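Asks: Starting off with a structure, shown below.
2 protein chains.
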Amino acid sequence: MNLPATVRVVEVGARDGLQNEPTPVPTEVKIRFIEMLAEAGLPVIEATSFVSPRWVPQLADAEAVIQGLSRREGVCYPVLVPNLKGLERALQAGVDAIAIFTAASETFCQRNLNRTIEQSLQEFEQVVAQAKAARLWVRGYISTAFVCPYEGRIAPEAVKPIVERLLEMGVDEISLGDTIGAAVPTQIEQLTDALEPILPKERWAYHFHNTYGTALANVLTALQRGITIFDSSAGGLGGCPFAPGASGNLATEDLLYMLHGMGIETGVSLEKVVAAAQYILGHLNRATPPSHYLQACQCGQGN
Amino acid sequence: MNLPATVRVVEVGARDGLQNEPTPVPTEVKIRFIEMLAEAGLPVIEATSFVSPRWVPQLADAEAVIQGLSRREGVCYPVLVPNLKGLERALQAGVDAIAIFTAASETFCQRNLNRTIEQSLQEFEQVVAQAKAARLWVRGYISTAFVCPYEGRIAPEAVKPIVERLLEMGVDEISLGDTIGAAVPTQIEQLTDALEPILPKERWAYHFHNTYGTALANVLTALQRGITIFDSSAGGLGGCPFAPGASGNLATEDLLYMLHGMGIETGVSLEKVVAAAQYILGHLNRATPPSHYLQACQCGQGN
C-alpha cells in the first residue's frame, strides 16, 4: 500500500465545528479550546470567522478570540474572511493567515453566499491581493466539490477552472470540500485525476465530512494518490446539531486513529486532541459525542 | 480504481446485531425483520443462533424463528452453531446452512468460548463433518482476526493456520472478523497478502465493525484486492447498547451507500434495508440509530 510517511492535519473545530452549534460558547472557552488544540501539536488551527455576526452569531466574538489567544510558536491560525470588510476586521485584529471560500456548485453558491461563483471569485481577487500585500498566508475553500445538496454530483470539470482561478490569485493552499459528506472514493479518484496536472500536492487539501460514514475511505483514497493535507474537527463538531451523534466534519481523533494505526506521522497527540474535544463538548448541549473514537471511549474501548 | 463489479452482502443483523441487545424482541418481530431483509434482496441472512439460551437469552427462540420464517427462494439463512448439541437442534429445526466460529487470539478464544483454539477446531471438525453429511452449507467465522482486546494486534501468521484447518474441514466460506472494529486498512492489506495463496476469493468474506470509523476504508482496501463478500448489519445493530449511537457492526445501509455510489452492484434495495432497519429499531430502546445513513435521514439528508 503506497502511503505517505507524514500528513498535515488542519484543525477546523473552532470555526467550522462551532459555527452551527446553537449553544452559545463563552469567548474564554473558545480560546482555551484552541490553546489545547495547539498543545496537542496541531500545526494549523482555524480559529474563527470574520463573517457578519448576523450570519454566524456563534462567532461574533472573532476579534476577542484572536486577541485573547496565546499563540504557539510555529502554529498557523487562519480565520475565515468573506469579503474586503472581513479582511479589514481580520487585519485590525492582527491575524497572520486567512481562509476564503467559494463553491463548485452555482446553486449552492447563490443560496449560501448570495452571489454567483464568478462574483465570489472577483471579490476574492481583491481580498487575496490585499492579504498578500499584508503578507498573510491564504487558504481557499471550494465547497460542494463533489456533491451539491441541490444539484447532485458535481463534475470534476466544474471544479478545475475554480482551482485555476484561485491559484492565479496566489492562494497558498486549496481545500476541496465534501460539504454534505456524500462523496464516495471513486469521486475522490476522479477529482484527483482532473486536478493532478494543475494543483501541486503541497498546496492540496481535502475536507471531508462523515455524514454517510465514507470520510476515512475517502481519506485513504487520497492518501494513496499522494495527498497529505486533511481537514478535520476535534470531537467531530460541525454535524447536524439536531441529530444526536450525527457526523458532520470528519473527527480529528478518528482521522488520527487511522493515520497513526497505519504508521503515518502527524506530530499530533491523539490523547491531547481527545482532551480538547471533551473540554469543548462539555460546553455544548450534546448527549452523544459525534466522533467514533469518543463513543468507543464511552464503551471502555478507547486506547 | 480497480473494483469488482458486484458484491455479495451477508446480513448479520438478526443474529450478531440482536444478540447483545438488552431489550427483548418478540419472535414475530424477528421473523418480520428477517422477511423484510429478504424482500430487500439480501442473498444471505444469518437468522439466529443455536447457542445455549443461558449465554444469549435474546436468541433463545431460535427454533421458533426458523420454523416461523417464510423462506424466500434463493436466499440462504445460516444459523450460528457452537457445538454438536447446537447442530442437532439446528438440524431438527430444519436449517439449510450453519455458521461455526473460532478466534485467532488464544486469550479471546479462552475467555469467550471457554476453550483453546485447538479445542474449538476439534469440536468443529465433527460439527462440519455432520453438517456436510446433512448437505448443509457451512460458514466459518474467525473472530479477532486483526486485533484482540486482550492481546492487541494479531499477526496474519496466526490467522493463516486456522484458515487452513477450516478449509480442510470443508467449510464453504470463511469470514474474517474485526471483532472490536479496531483494524486499519494496512492490516486488511497484510492479512490479504498472507491468505491470498490459500484462500480462494469466492470463499473469502470480511466482517468489519465500525467502532473507530474505519470499516468502509477497510472495505475499500479489500475491494481493491478483489474481495467481494462483506458482512454487515441492518441499522448498524450490534454496537455497544450502552453508548447511544456507538457503532458496532458496519451498517448494511452504510455499506450499500458506498458500494452503489461507486457503481458496484449488490442486488439489494437500500430503501428496503432502511425500512427493515427502522422496523427493528422501533422495537429496541435506542435513542440514536447507530448507522450513519439513518442519522443522515434524521437530518433530512437521506437520499
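So the sequence lines, in the order shown, correspond to chains P and U. Okay, so the first sequence: first residue is 699 according to the working numbering, each after it adds one. Okay, so the second sequence: first residue is 699 according to the working numbering, each after it adds one. The beta-carbon is built from N, C-alpha and C at its ideal position, and this holds for glycine as well. Bear in mind that the values here come from a model prediction, so they are computed numbers and not experimental data.
1. State the beta-bridge partners of S931(U) as determined by DSSP.
2. How big is the Cα-Cα spacing for S818(U) and E951(P)?
3. Since D952(U) meets chain P, which of its residues come closer than 7 Å, beta carbon to beta carbon?
4. Using beta carbons (cut-off 7 Å, strictly below), is Y848(U) in contact with chain A?
5. Using CA coordinates, which residue listed in R833(P), T890(P), R713(P) is at the minimum distance from L872(P)?
6. Going by the beta-carbon positions, is the gap between F822(U) and A788(U) smaller than 7 Å?
7. With a floor of 3 residues, list each beta strand (DSSP E) that falls wholly inside the segment 852-880 of chain U, ordered by position along the chain.
8. Going straight from the alpha carbon of A760(U) to that of A795(U), what length do you get?
9. Within the 7 Å Cβ cut-off, does V882(U) reach chain P?
10. Is the CB-CB distance between T725(U) and V763(U) below 7 Å?
11. Against L865(U), what residues of chain P qualify as contacts under a CB-to-CB distance less than 7 Å, listed in chain order?
12. DSSP on N1001(P), reduced to helix/strand/coil?
13. For Y955(P) and E771(U), I'd like the C-alpha separation in whole angstroms.
14. Taking T964(U) as the reference, give the member of N700(U), M699(U), T704(U) with the closest Cα.
15. I'd like to know whether the C-beta atoms of A797(P) and L778(P) end up nearer to each other than 7 Å.
16. 7 Å is my cut-off, CB to CB: does G959(U) come that close to chain P?
17. Mind checking whether E733(U) and L982(U) have CB atoms under 7 Å apart?
18. What does the Cβ neighbour count give for A853(U), buried or exposed, with the cut at 16 atoms within 10 Å?
19. How close, in whole Å, do the beta carbons of Y904(P) and A920(P) come, if the pair is a contact with beta carbons under 8 Å?
20. Taking F731(U) as part of the alpha helix (DSSP H), name the residues at either end of that continuous run.
21. Identify the contact partners of Y1006(P) in chain U, using a Cβ-Cβ distance below 8 Å as the criterion.
22. Using CA atoms only, rank isn't needed, just tell me which of A736(P), R730(P), E744(P), V707(P) is closest to Q717(P).
23. Are T912(P) and V869(P) closer than 7 Å when you measure CB to CB?
24. Ends of the alpha helix (DSSP H) at I886(P)?
25. In angstroms, rounded to a whole number, what distance separates the CA positions of Q993(P) and K970(U)?
26. Short of 8 Å in beta carbon distance, which residues of its chain neighbour I896(U), apart from the five on each side in sequence? Order them along the chain.
27. Tell me the residue span of the alpha helix (DSSP H) that contains R809(U).
28. What does the alpha-carbon distance come out to for the pair Y991(U) and L979(U)?
29. Say whether chain P places a C-beta atom closer than 7 Å to the C-beta of E786(U).
30. Could you confirm whether any beta carbon from chain U is found closer than 7 Å to the beta carbon of G711(P)?
31. If you follow the alpha helix (DSSP H) that F822(U) is in, where does it begin and where does it stop?
32. What does DSSP give as the partner residues of L957(P) in its beta bridges?
33. Using a threshold of 7 Å, state whether the C-beta atoms of T926(P) and P702(P) are closer than that.
34. Sorted by chain position, which residues of the same chain lie with C-beta nearer than 6 Å to V710(U)'s C-beta, five sequence neighbours on each side aside?
35. Quick check on the DSSP output: the alpha helix (DSSP H) that includes E761(U) runs from which residue to which?
Replies: If we stick to the structure as given:
1. The count along the second sequence starts at 1 and reaches residue 931(U) at position 233. Partner(s): A949(U).
2. Counting from 1 along the second sequence, the entry for residue 818(U) is found at position 120. Counting from 1 along the first sequence, the entry for residue 951(P) is found at position 253. If I take the Cα positions, the gap works out to 37 Å.
3. Numbered from its first residue, the second sequence carries residue 952(U) at position 254. Within chain P, the residues Y910, G911 have their CB atoms less than 7 Å from the CB of D952(U), given in chain order.
4. Going by chain labels, chain A is absent from the structure shown, which instead holds the protein chains P and U.
5. What you label residue 872(P) is simply residue 174 of the first sequence in a count that begins at 1. The identity of residue 872(P) in the sequence shown is Ile, whereas the question assumes Leu. Ranking R833(P), T890(P), R713(P) by Cα distance to I872(P) puts T890(P) first.
6. As a position in the second sequence, residue 822(U) is number 124, starting the count at 1. As a position in the second sequence, residue 788(U) is number 90, starting the count at 1. In terms of Cβ geometry, F822(U) and A788(U) do not form a close pair [threshold 7 Å].
7. 871-876
8. Position 62 of the second sequence, counted from the start, is the residue given in the question as residue 760(U). Position 97 of the second sequence, counted from the start, is the residue given in the question as residue 795(U). Cα-Cα distance, rounded: 14 Å.
9. Position 184 of the second sequence, counted from the start, is the residue given in the question as residue 882(U). Yes, V882(U) counts as interfacial toward chain P.
10. The count along the second sequence starts at 1 and reaches residue 725(U) at position 27. The count along the second sequence starts at 1 and reaches residue 763(U) at position 65. Cβ atoms of T725(U) and V763(U): closer than 7 Å.
11. The count along the second sequence starts at 1 and reaches residue 865(U) at position 167. Within 7 Å Cβ-Cβ: nothing; L865(U) doesn't reach chain P, min ~26 Å.
12. Counted from its first residue, the first sequence places residue 1001(P) at position 303. In this predicted model, N1001(P) has a pLDDT of only 38, less than 50, meaning its place in the structure is not dependable enough to derive any value.
13. Here residue 955(P) corresponds to residue number 257 of the first sequence, with the count starting at 1. Here residue 771(U) corresponds to residue number 73 of the second sequence, with the count starting at 1. In this structure, the alpha-carbon of Y955(P) lies about 43 Å from that of E771(U).
14. Translated into the one-based positions of the second sequence, residue 964(U) becomes position 266. With distances taken between Cα atoms, T964(U) lies closest to T704(U).
15. What you label residue 797(P) is simply residue 99 of the first sequence in a count that begins at 1. What you label residue 778(P) is simply residue 80 of the first sequence in a count that begins at 1. In contact: A797(P) and L778(P) (Cβ atoms closer than 7 Å).
16. Here residue 959(U) refers to the residue found at position 261 when the second sequence is read from its first residue. For G959(U), the answer is yes, since a Cβ of chain P falls inside 7 Å of its Cβ.
17. In the second sequence, counting from the first residue as 1, residue 733(U) sits at position 35. In the second sequence, counting from the first residue as 1, residue 982(U) sits at position 284. It is not a contact, given that the beta carbons lie outside the stated cut-off.
18. Taking the first residue of the second sequence as 1, we reach residue 853(U) at position 155. Answer is exposed; the Cβ neighbour count stays below 16.
19. As a working note, residue 904(P) is residue 206 in the first sequence. As a working note, residue 920(P) is residue 222 in the first sequence. Yes, they are in contact, since the Cβ atoms of Y904(P) and A920(P) sit about 5 Å apart, within 8 Å.
20. Your numbering for residue 731(U) matches position 33 in the second sequence. Looking at the DSSP string, the run of the alpha helix (DSSP H) that includes F731(U) is 725-737.
21. Summary: the structure shown does not reach residue 1006(P), with chain P confined to residues 699 through 1001, and so no result is reported for it.
22. To locate residue 717(P), count along the first sequence from 1; it is residue 19. Comparing Cα positions, the closest option is E744(P).
23. Against the first sequence, residue 912(P) aligns to sequence position 214. Against the first sequence, residue 869(P) aligns to sequence position 171. Not in contact: T912(P) and V869(P) (Cβ atoms no closer than 7 Å).
24. Taking the first residue of the first sequence as position 1, residue 886(P) is located at position 188. That run of the alpha helix (DSSP H) goes 883-893.
25. Sequence index remark: in the first sequence, residue 993(P) carries index 295 (1-based). Sequence index remark: in the second sequence, residue 970(U) carries index 272 (1-based). Approximately 28 Å between the Cα atoms of the pair.
26. Within the second sequence, the letter at position 198 stands for residue 896(U). Closer than 8 Å at the Cβ level, and outside the excluded window around I896(U), lie K858, V861, E862, L865.
27. Numbered from 1 along the second sequence, position 111 holds the residue referred to as residue 809(U). Unbroken alpha helix (DSSP H) run through R809(U): 804-811.
28. Numbered from 1 along the second sequence, position 293 holds the residue referred to as residue 991(U). Numbered from 1 along the second sequence, position 281 holds the residue referred to as residue 979(U). Their Cα atoms are separated by approximately 14 Å.
29. As a position in the second sequence, residue 786(U) is number 88, starting the count at 1. It does not; no Cβ of chain P falls within 7 Å.
30. Indexing the first sequence from 1 puts residue 711(P) at position 13. No - not a single Cβ of chain U is within 7 Å of the one on G711(P).
31. Along the second sequence, one-based indexing puts residue 822(U) at 124. Counting along the chain, the alpha helix (DSSP H) containing F822(U) begins and ends at 815-831.
32. As a position in the first sequence, residue 957(P) is number 259, starting the count at 1. The partner list for L957(P) (beta bridge, DSSP) is empty, contrary to what the question assumes.
33. Position 228 of the first sequence holds residue 926(P). Position 4 of the first sequence holds residue 702(P). Cβ atoms of T926(P) and P702(P): closer than 7 Å.
34. Counting from 1 along the second sequence, the entry for residue 710(U) is found at position 12. Its chain contains E744, D929, S931 as the residues whose beta carbon lies nearer than 6 Å to that of V710(U), once the 5 sequence neighbours on both sides are disregarded; these appear in chain order.
35. Mapped onto the second sequence, residue 761(U) falls at position 63. That run of the alpha helix (DSSP H) goes 760-766.
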